[in-house]
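Those protein sequences? They're chains A and B, same order as listed.
Numbering of the first sequence is given in full-length UniProt numbering, commencing with residue 1 and proceeding in unit increments.
Numbering of the second sequence is given in full-length UniProt numbering, commencing with residue 1 and proceeding in unit increments.
Each residue gets a CB set at the ideal place from its N, CA and C atoms; glycine is no exception.
There are 2 protein chains.
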Amino acid sequence: MASVVGEEVSNKQVIFKDYFTGFPKESDMYLTTSTIKLKVPEGSNGVLLKNLYLSCDPVMRILMQRVVPKGFSNYTPGSPINGYGVAKVLDSGHPDFKAGDLVWGSARWEEYSLITATEGLRKITHSDVPLSYYTGLLGMPGMTAYAGFHEVCSPKKGEYVFVSAASGAVGQLVGQFAKLLGCYVVGSAGSKEKVDLLKNKFGFDDAFNYKEEHDLDAALKRYFPEGIDIYFENVGGETLDAVLLNMRDHGRIAVCGMISQYNLDQPEGVKNLMCLIYKRIHMTGFTVRDYYHLYPKFLDTVLPYIKEGKIAYVEDIAEGPESGPAALVGLFSGRNIGKQVVVIARE
Amino acid sequence: MASVVGEEVSNKQVIFKDYFTGFPKESDMYLTTSTIKLKVPEGSNGVLLKNLYLSCDPVMRILMQRVVPKGFSNYTPGSPINGYGVAKVLDSGHPDFKAGDLVWGSARWEEYSLITATEGLRKITHSDVPLSYYTGLLGMPGMTAYAGFHEVCSPKKGEYVFVSAASGAVGQLVGQFAKLLGCYVVGSAGSKEKVDLLKNKFGFDDAFNYKEEHDLDAALKRYFPEGIDIYFENVGGETLDAVLLNMRDHGRIAVCGMISQYNLDQPEGVKNLMCLIYKRIHMTGFTVRDYYHLYPKFLDTVLPYIKEGKIAYVEDIAEGPESGPAALVGLFSGRNIGKQVVVIARE
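Put into structure tokens, the structure is as follows:
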């Protein structure tokens with residue numbers, strides 16, 4: 001459906017209702033329809049975007065809290081939620097962007113957006129891949145997996161790597177980057193279907209369903225009789241506690257996320273931190289924001305992998321803004337298989 | 001009292017009774033007197049030592065458990081406990097040692113020892129300092145403070161440094177190394193007397209008695225309104241949780257010990273690990289064993305500091321093997337002021 005610049009059109013939006021504690025529910029958001037003129041106002045250096053793909057990321061849960069960590073901006077009740085997305089420029093008052101450009105970066109959950117903070121946008125220079133990949137494999141999660149594994153974990157060929165939430169947007173890539181380097185990789189996920197994906201689609205050496213393991217320590221001892229050199233942490237809580245017991249000397253833990261903790265009023269306590277001492281473990285929290293200077297190098301590495309079929313990427317596609325709240329909420333029950341994307345429009 | 005080589009003499013020993021859980025008690029050890037011939041047996045390449053100073057270190061508690069972490073050897077019930085010490089060689093079957101040499105390193109808690117595992121001993125080449133310093137300032141704790149601060153914390157001039165158990169064998173030195181580098185240093189300890197030492201003897205910028213702070217988070221916010229760049233972790237548990245809330249972005253935590261946890265059947269859970277992500281914190285466990293290659297450099301650095309009066313060191317001296325069990329147990333109630341040493345003989 002062509003969008004005519006200058007036209008006033010209806011604009012479906014996903015609105016954040018109000019701050020809450022506990023698990024997010026679909027009813028914490030609601031849909032509304034406003035109107036928007038598809039033109040950048042006179043004198044503005046913003047851009048008018050048609051949103052194509054919106055990204056569901058666990059970090060968005062944190063922005064739904066009244067109090068957020070320093071450096072984060074929580075959502076405004078009554079306004080559209082925001083996150084990462086892929087969009088097409090319909091009109092531009094900014095010299096770096098012109099109509100027809102494809103961009104990825106900060107996006108609002110609505111069909112069309114007037115964006116004045118264009119520093120959050122990057123032009124898409126390679127469009128010979130699925131554009132939705134810029135919410136995942138070629139966007140924030142991909143960059144997170146790349147920097148987290150290669151820059152934070154100091155991996156070496158032959159090392160034993162464990163990835164939790166391994167079929168997720170980030171985890172599936174960490175495992176594949178580790179395999180490409182020659183590591184032994186095991187992943188955990190929350191269903192048989194995801195475990196099958198890890199083993200059969202992403203080439204993990206092994207994988208298990210953590211929901212079927214009553215004793216995570218015993219499970220890890222079974223999958224890593226020699227112990228774990230690198231743990232890519234996506235979940236936190238009792239998984240981290242079990243991993244600490246199974247790390248090898250001089251192991252590394254890259255702390256990327258702790259999705260099991262985001263909905264708890266009081267996080268679970270992690271008891272086995274003394275292992276950090278005995279085993280001389282490096283545990284490093286990181287955020288992708290510190291690594292975007294590596295994005296060109298990342299693209300140079302990953303684009304050939306995609307074209308040569310050396311990297312697979314699985315997306316879970318929800319259709320239309322109406323499906324957005326359920327898609328986002330589903331991250332926290334593990335409903336999604338792979339990267340959760342919401343399609344707003346395909347072009 | 002001269003010890004005559006070849007003579008058979010009585011030998012007081014501090015014997016480990018049996019494995020236990022919970023806080024150590026004096027009754028977990030007992031004194032006995034055996035006899036020993038002050039001569040290395042024919043054909044042995046061991047050394048016969050007269051013990052001078054024995055070191056009380058928190059890690060010794062861990063060796064009193066039935067199950068110990070990999071890489072540790074627990075005590076044998078009915079045998080003398082062991083740890084670090086300073087001794088004089090009375091007789092030697094080893095080419096590297098001769099009668100009259102002073103050594104420091106692995107020692108058994110007794111008056112005289114026949115040591116065959118001489119790889120745990122280092123010759124003392126500088127004896128123009130108090131010999132007891134080789135249990136502390138110039139021994140394992142000193143090396144721990146030096147490596148932990150300079151190698152693990154990547155400190156920079158002007159950074160904000162917090163040290164817990166700050167008047168202890170390691171803490172008092174970490175603070176002084178940090179001051180020598182030009183950092184702002186605050187320490188916590190468990191009594192007014194210790195806090196006074198920190199401020200008046202060791203030159204910490206500030207110090208507080210953690211037992212008088214009902215809200216450690218609030219205390220840290222008071223002492224570090226700008227946050228903490230470096231935390232030298234000696235205690236674990238709720239102190240660590242409060243520190244995590246007060247770390248600055250890109251902060252570093254060197255995990256040296258967690259003395260608050262050693263006597264608990266189940267360690268306390270640490271809840272605020274998500275701060276590792278938000279603040280991109282490096283948390284690194286280390287043991288001094290990985291850093292002894294730096295010992296010559298350490299001596300070259302620290303010996304001049306001692307002679308120029310730039311470093312102070314406070315020891316808590318207990319007299320005689322009879323006082324050993326109480327001295328060791330006292331570490332866990334904070335009875336000691338400074339490095340706890342047991343004198344067996346002064347020469």
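Residue contact check for PRO155(B) against chain A: no CB pair falls below 8 Å. Around LEU240(A), the same chain offers GLU233, VAL270 as residues with beta carbons nearer than 7 Å, after the five sequence neighbours per side are excluded. As summarised for the segment 130–177 of chain A, the continuous alpha helix (DSSP H) elements at least 4 residues long and confined to that stretch are 140–146, given in chain order. When CB distances to chain B are screened at a threshold of 8 Å, the residues of the segment 240–274 of chain A falling below it are LEU240, ASP249, VAL255, CYS256, GLY257, MET258, GLN261, GLN266, PRO267, GLU268, GLY269, VAL270, LYS271, ASN272, LEU273, MET274, in chain order. Burial state of TYR292(B) is exposed, judged by a 10 Å Cβ sphere holding fewer than 16 other Cβ atoms. The Cβ atoms of LEU276(B) and MET283(A) lie closer than 8 Å to each other.
Relative to the Cα of ASP96(B), the nearest Cα in the group ALA87(B), LEU114(B), THR118(B) belongs to THR118(B). By the rule that beta-carbons nearer than 8 Å mark a contact, LYS279(A) touches chain B. VAL9(B) and GLY227(B) have their C-alpha atoms roughly 58 Å apart. Residue GLY237(A) holds the alpha-carbon nearest to the alpha-carbon of SER260(A) among GLY237(A), MET247(A), GLY136(A).
The C-beta distance from TYR134(A) to TRP104(A) rounds to 4 Å, short enough to fall under 8 Å.
Here ALA87(B) carries a strand assignment [DSSP, helix/strand/coil]. Remark: C-beta atoms of PHE16(B) and TYR75(B) approach each other more closely than 8 Å. Interface criterion met: the Cβ of PHE286(B) is under 8 Å from a Cβ in chain A. VAL185(A): not part of any alpha helix (DSSP H); member of the beta strand (DSSP E) spanning 184–189, first to last residue. Using a CB distance cut-off of 8 Å, GLY236(B) counts as an interface residue toward chain A. Beta-bridge analysis with DSSP links PRO296(B) to no other residue. Here the alpha carbon of LEU294(B) sits roughly 11 Å from the alpha carbon of HIS150(B). Listed in chain order, the beta strand (DSSP E) elements of length 3 or more contained wholly in the segment 220–266 of chain A are 228–233, 247–255.
Interface with chain B (8 Å Cβ-Cβ cutoff): ASP290(A) is included. Taking all protein chains shown into account, ASP265(A) has fewer than 16 neighbouring C-beta atoms within 10 Å of its C-beta and is therefore exposed.
In the DSSP assignment, LEU121(A) falls within the beta strand (DSSP E) that extends over 121–123. When C-beta atoms of the segment 174–192 of chain A are compared with those of the segment 203–214 of chain A, three or more pairs fall below 8 Å, so the two segments count as touching. Chain B places no beta carbon closer than 8 Å to that of LEU216(A), leaving this residue out of the contacts. Between SER55(B) and TYR84(B), the alpha-carbon positions lie close to 5 Å from each other. With a minimum length of 4 residues, the unbroken runs of alpha helix (DSSP H) contained wholly in the segment 57–102 of chain A fall at 59–62.
Residue environment for PHE204(A): buried (at least 16 other C-beta atoms within 10 angstroms of its C-beta). Legend: CB atoms of the segment 61–87 of chain B lying less than 8 Å from CB atoms of chain A belong to residues PRO69, LYS70, GLY71, PHE72. DSSP, read as helix, strand or coil, puts LEU303(B) in helix. Each residue's CA atom was taken as its position, placing ILE81(A) and SER92(A) some 23 Å apart.
Using a Cβ distance threshold of 8 Å, MET247(A) and LYS279(A) count as a contacting pair. GLY320(A) counts as exposed, since fewer than 16 other beta carbons sit within 10 angstroms of its beta carbon. Residue state for SER323(A) is assigned as helix, using DSSP reduced to three classes.
Under the Cβ distance rule, LEU220(A) does not count among the residues neighbouring chain B, no pair being separated by less than 8 Å. Closest by C-alpha distance to PHE286(A), out of VAL314(A), ALA254(A), LYS50(A), TYR313(A), is ALA254(A). Look at MET283(B): its C-beta is under 8 Å from a C-beta on chain A.
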